[in-house]
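So the structure is just underneath, and the comments pick up after that.
Protein chains: 2
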Amino acid sequence: MNSVLENTSKKIGAPGIVAEINSLAHFIENFPLQGEALYATVFNRNSEIVQTQKARFAVANLEKILSATFQVSATSGFDRMSLRDLSRQTGMSMGSIYSCISKKEDIALMIADIVRLSSELTRQHAMQSDSLWTKIEQSIRFHLYASTLLQPWYFFLYFETRCLPEAQQRESKQIELDGIKSFEAQIKSGVESGEFHTEDARMVANTIVVLLEDWYLKPWKTLSPWKANISIEQREKQINNYSQSIIELVRKLLAEN
Amino acid sequence: MNSVLENTSKKIGAPGIVAEINSLAHFIENFPLQGEALYATVFNRNSEIVQTQKARFAVANLEKILSATFQVSATSGFDRMSLRDLSRQTGMSMGSIYSCISKKEDIALMIADIVRLSSELTRQHAMQSDSLWTKIEQSIRFHLYASTLLQPWYFFLYFETRCLPEAQQRESKQIELDGIKSFEAQIKSGVESGEFHTEDARMVANTIVVLLEDWYLKPWKTLSPWKANISIEQREKQINNYSQSIIELVRKLLAEN
DNA sequence: TAGAAAACAGAACGAACGTTCGCTCTACCC
DNA sequence: GGGTAGAGCGAACGTTCGTTCTGTTTTCTA
Numbered sequence: 000m001n002s003v004l005e006n007t008s009k010k011i012g013a014p015g016i017v018a019e020i021n022s023l024a025h026f027i028e029n030f031p032l033q034g035e036a037l038y039a040t041v042f043n044r045n046s047e048i049v050q051t052q053k054a055r056f057a058v059a060n061l062e063k064i065l066s067a068t069f070q071v072s073a074t075s076g077f078d079r080m081s082l083r084d085l086s087r088q089t090g091m092s093m094g095s096i097y098s099c100i101s102k103k104e105d106i107a108l109m110i111a112d113i114v115r116l117s118s119e120l121t122r123q124h125a126m127q128s129d130s131l132w133t134k135i136e137q138s139i140r141f142h143l144y145a146s147t148l149l150q151p152w153y154f155f156l157y158f159e160t161r162c163l164p165e166a167q168q169r170e171s172k173q174i175e176l177d178g179i180k181s182f183e184a185q186i187k188s189g190v191e192s193g194e195f196h197t198e199d200a201r202m203v204a205n206t207i208v209v210l211l212e213d214w215y216l217k218p219w220k221t222l223s224p225w226k227a228n229i230s231i232e233q234r235e236k237q238i239n240n241y242s243q244s245i246i247e248l249v250r251k252l253l254a255e256n
Numbered sequence: 000m001n002s003v004l005e006n007t008s009k010k011i012g013a014p015g016i017v018a019e020i021n022s023l024a025h026f027i028e029n030f031p032l033q034g035e036a037l038y039a040t041v042f043n044r045n046s047e048i049v050q051t052q053k054a055r056f057a058v059a060n061l062e063k064i065l066s067a068t069f070q071v072s073a074t075s076g077f078d079r080m081s082l083r084d085l086s087r088q089t090g091m092s093m094g095s096i097y098s099c100i101s102k103k104e105d106i107a108l109m110i111a112d113i114v115r116l117s118s119e120l121t122r123q124h125a126m127q128s129d130s131l132w133t134k135i136e137q138s139i140r141f142h143l144y145a146s147t148l149l150q151p152w153y154f155f156l157y158f159e160t161r162c163l164p165e166a167q168q169r170e171s172k173q174i175e176l177d178g179i180k181s182f183e184a185q186i187k188s189g190v191e192s193g194e195f196h197t198e199d200a201r202m203v204a205n206t207i208v209v210l211l212e213d214w215y216l217k218p219w220k221t222l223s224p225w226k227a228n229i230s231i232e233q234r235e236k237q238i239n240n241y242s243q244s245i246i247e248l249v250r251k252l253l254a255e256n
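Chains A and B are the protein sequences, given in the same order.
Counting with numbering that gives the first Met the number 0, you get residues 0 to 256 for the letters of the first sequence.
Counting with numbering that gives the first Met the number 0, you get residues 0 to 256 for the letters of the second sequence.
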């Protein structure tokens with residue numbers, strides 16, 4: 000356990016993202032939840048859930064299982080996805096799957112955990128900026144970056160929350176409310192200092208949050224035409240367009256009159 | 000078949016809402032999809048699906064079945080709701096349920112149909128206003144009114160679209176895209192005439208639509224504290240607050256600079 | 001390289017699912 | 001007021017689900 004991401008109490012320490020990040024490429028360099036490291040994190044943070052003991056097998060199988068889960072459940076939902084579907088899609092036998100997890104629900108739990116971790120990481124880091132406006136801007140950009148890289152994860156949590164135990168459901172709602180509150184607080188203090196002008200900070204904050212959700216929930220909107228595999232440069236352009244749209248919109252909402 | 004709502008081809012004629020509606024109470028007087036008439040409409044528009052022939056029985060049972068579906072599936076989802084749950088909740092036997100519908104999926108189909116009808120009705124009617132700004136304002140208000148009265152229906156369609164056949168899934172997405180396009184077109188023509196000012200009509204339109212969705216998707220946000228049974232006057236106040244928030248926001252987004 | 005431990009395979013299990021079937025009941029018609 | 005169509009009922013059906021179990025193979029270690 001040499002990483003803050005790997006403890007089992009699921010508290011996180013100081014994030015490993017450096018302060019000044021201004022492009023997707025740069026974000027990717029610093030974002031810890033990608034590739035093999037992502038599944039290693041899943042393994043380490045869920046050692047009580049994951050049955051497989053050897054990290055080498057566990058990480059490889061978690062990747063297969065979770066990827067297949069995203070593929071299958073994207074169209075028909077988690078409930079309709081049977082473990083036989085999963086077995087077919089992963090090429091693993093029932094026994095293999097159950098030597099990795101112990102319940103179907105575990106899959107959903109692990110996904111929810113990673114999304115919460117990702118949200119926490121990006122939000123905490125955005126808070127490191129010094130000016131109010133930069134904090135808002137960075138929060139928006141980081142959230143878009145992270146939810147792009149982990150799109151299937153964010154999407155899954157949103158639509159499958161109801162598969163989770165009630166305590167986890169409440170926690171997911173709380174994360175959204177915290178997001179709104181965080182933006183609201185920044186806007187309000189900007190209003191007090193005379194930097195921003197609005198009579199409804201709550202509404203502006205809420206608008207930001209729902210626009211951020213829209214990004215990973217509705218990739219089919221022509222607003223952000225989503226292809227499975229496009230180059231990082233193209234994706235960067237897409238995100239920049241959308242984040243600029245949001246930022247311009249917020250700027251107008253917070254401008255004088 | 001004496002009403003435009005009752006034909007089986009599911010085309011709708013001129014809506015029965017009169018032009019000038021400025022309060023929830025007034026909207027309720029004119030909105031055809033309420034109370035018993037709502038379930039009569041379900042029956043008439045789905046005569047091929049509904050097995051029960053006598054309207055008297057069919058309407059009563061559809062009300063029981065659909066109400067129970069909303070109650071049960073709100074927390075656990077449509078897939079997890081078994082027909083035995085439904086039997087318990089409605090007090091009907093399995094046989095009775097199947098003498099009303101012929102497949103579980105039929106329930107979702109009927110709900111989807113009503114939501115589409117409601118969207119169509121409210122949008123068409125809002126278009127009857129003469130000024131551009133009033134059209135936008137009315138579209139927003141009507142949508143909030145309708146999605147409040149039919150909140151469980153709108154909520155269900157959003158979250159259970161994936162239970163529907165693929166053609167229906169595409170249709171649901173199309174409705175959202177049409178909604179955006181409709182707002183976008185009005186904003187654009189306002190920009191051309193100099194009435195509005197924005198460089199990103201699409202984004203403003205999209206923002207309106209996601210804020211409208213937010214209303215019926217997240218009743219738990221303290222933004223719009225949702226209690227099951229509050230008086231019409233209180234509900235009216237709630238909606239007015241929220242619609243005023245949206246309208247003010249849009250006004251600011253379309254104002255000069 | 002022998003032996004223990006872990007991972008894997010897939011048949012088997014009981015529960016629960018959506019649906020059907022044979023039957024009873026009831027309201028309305030001539 | 002007997003006949004009948006249709007509504008209501010609930011046990012039973014075949015299927016599929018999540019999960020378990022019993023071997024077999026692979027991997028690690030000494």
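In this text, a Cβ means the ideal position worked out from N, Cα and C, and glycines have one as well.
In this text the structure is predicted, and so the values were computed from the model without any measurement.
How about residue 152 of chain B: is its C-beta nearer than 8 Å to some C-beta of chain A?
-> Taking the second sequence and counting its residues from 1, the one referred to as residue 152 of chain B is at position 153. For residue 152 of chain B, the answer is no, since every Cβ of chain A falls outside 8 Å of its Cβ.
By Cβ distance, which residues of its chain are closer than 8 Å to residue 81 of chain A, with the 5 residues on each side in sequence left out?
-> Position 82 of the first sequence holds residue 81 of chain A. So no residue of the chain qualifies.
Interface partners of residue 209 of chain A on chain B, CB under 7 Å | For the purposes of this step, residue 209 of chain A is identified with residue 210 of the first sequence, where counting begins at 1. Here the neighbours are 209, 210, 213.
Rounded separation between residue 170 of chain A and residue 156 of chain A - CA only = Taking the first sequence and counting its residues from 1, the one referred to as residue 170 of chain A is at position 171. Taking the first sequence and counting its residues from 1, the one referred to as residue 156 of chain A is at position 157. Near 12 Å, if we compare the C-alpha coordinates of residue 156 of chain A and residue 170 of chain A.
In this structure, does DSSP put residue 4 of chain B in helix, strand or coil?
-> For the purposes of this step, residue 4 of chain B is taken as residue 5 along the second sequence, with counting starting at 1. Here residue 4 of chain B scores only 41 on pLDDT, less than 50, and its place in the model is too uncertain to base an answer on.
Hey, residue 114 of chain B and residue 144 of chain B: beta-carbon distance below 8 Å or not?
-> In the second sequence, counting from the first residue as 1, residue 114 of chain B sits at position 115. In the second sequence, counting from the first residue as 1, residue 144 of chain B sits at position 145. For residue 114 of chain B and residue 144 of chain B, no; Cβs fall outside 8 Å.
If residue 162 of chain A and residue 104 of chain A are in contact, beta carbons under 8 Å, what's the gap, nearest whole angstrom?
-> In the first sequence, the residue the question calls residue 162 of chain A occupies position 163. In the first sequence, the residue the question calls residue 104 of chain A occupies position 105. Confirmed, about 7 Å.
Given residue 210 of chain B, which residues of its chain have a CB within under 7 Å of its CB, disregarding the five upstream and five downstream residues?
-> Here the question's residue 210 of chain B lines up with position 211 in the second sequence. Cβ neighbours of residue 210 of chain B beyond the five flanking positions: 245.
What runs of the alpha helix (DSSP H), each 4 residues or longer, lie entirely inside the segment 169-238 of chain A?
-> 200-216
In angstroms, rounded to a whole number, what distance separates the CA positions of residue 195 of chain B and residue 201 of chain A?
-> Position 196 of the second sequence, counted from the first residue, corresponds to residue 195 of chain B. Position 202 of the first sequence, counted from the first residue, corresponds to residue 201 of chain A. Looking at the two C-alpha atoms, the distance is approximately 25 Å.
Residue 134 of chain B by DSSP, collapsed to three states: which one?
-> Within the second sequence, numbered from 1, the residue matching residue 134 of chain B stands at position 135. Note: residue 134 of chain B maps to helix in three-state DSSP.
Counted within 10 angstroms of its Cβ, other Cβ atoms place residue 165 of chain B as buried (16 or more) or exposed = Here residue 165 of chain B corresponds to residue number 166 of the second sequence, with the count starting at 1. With fewer than 16 Cβ atoms within 10 Å of its Cβ, residue 165 of chain B is classed as exposed.
Status (buried if at least 16 other CB within 10 Å, exposed otherwise) for residue 44 of chain B | For this step, residue 44 of chain B is matched to residue 45 along the second sequence. Classification for residue 44 of chain B: buried.
Using beta-carbon positions only, say whether residue 252 of chain A and residue 176 of chain B come within less than 8 Å of one another.
-> Taking the first sequence and counting its residues from 1, one reaches residue 252 of chain A at position 253. Taking the second sequence and counting its residues from 1, one reaches residue 176 of chain B at position 177. Not in contact: residue 252 of chain A and residue 176 of chain B (Cβ atoms no closer than 8 Å).
Is the distance from the Cβ of residue 215 of chain B to the Cβ of residue 150 of chain B below 8 Å?
-> Along the second sequence, read from residue 1 onward, the residue named residue 215 of chain B stands at position 216. Along the second sequence, read from residue 1 onward, the residue named residue 150 of chain B stands at position 151. A contact, by the Cβ cut-off of 8 Å.
Note down the Cα distance separating residue 212 of chain B from residue 218 of chain B, rounded to an integer number of angstroms.
-> Position 213 of the second sequence, counted from the start, is the residue given in the question as residue 212 of chain B. Position 219 of the second sequence, counted from the start, is the residue given in the question as residue 218 of chain B. Cα to Cα, residue 212 of chain B sits roughly 11 Å from residue 218 of chain B.
With a floor of 3 residues, list each beta strand (DSSP E) that falls wholly inside the segment 43-124 of chain A, ordered by position along the chain.
-> none
Length of the line joining the Cα atoms of residue 130 of chain B and residue 38 of chain B | Residue 130 of chain B sits at position 131 when you count from the first residue of the second sequence. Residue 38 of chain B sits at position 39 when you count from the first residue of the second sequence. Near 35 Å, if we compare the C-alpha coordinates of residue 38 of chain B and residue 130 of chain B.
Could you give the DSSP three-state label for residue 158 of chain A: helix, strand or coil?
-> On the first sequence, residue 158 of chain A is found 159 positions in, with the first residue counted as 1. Residue 158 of chain A falls in the helix class under three-state DSSP.
Give the DSSP-derived three-state secondary structure of residue 146 of chain B in the structure shown.
-> Residue mapping note: residue 146 of chain B aligns to position 147 of the second sequence, counting from 1. Here residue 146 of chain B sits in helix by DSSP.
Can we say the segment 86-106 of chain B touches the segment 19-38 of chain B, given the rule of at least three CB pairs closer than 8 Å?
-> no
Are the C-beta atoms of residue 247 of chain A and some chain B residue less than 8 Å apart?
-> Working through the first sequence from its first residue, we reach residue 247 of chain A at position 248. Taking Cβ atoms only, chain B reaches closer than 8 Å to residue 247 of chain A, which makes this a yes.
Of all Cβ atoms in chain A, is any one closer than 8 Å to the Cβ of residue 251 of chain B?
-> Residue 251 of chain B sits at position 252 when you count from the first residue of the second sequence. Chain A, which has a Cβ nearer than 8 Å to the Cβ of residue 251 of chain B, makes this yes.
What residues in the segment 174-207 of chain B have a beta carbon less than 9 Å from any beta carbon of chain A?
-> 175, 176, 179, 197, 198, 199, 201, 202, 203, 205, 206
Put residue 151 of chain A into one of helix, strand or coil per three-state DSSP.
-> Taking the first residue of the first sequence as 1, we reach residue 151 of chain A at position 152. Helix at residue 151 of chain A.
The segment 70-89 of chain A: which residues have C-beta closer than 8 Å to a C-beta of chain B, in chain order?
-> 74, 75, 76, 78, 79
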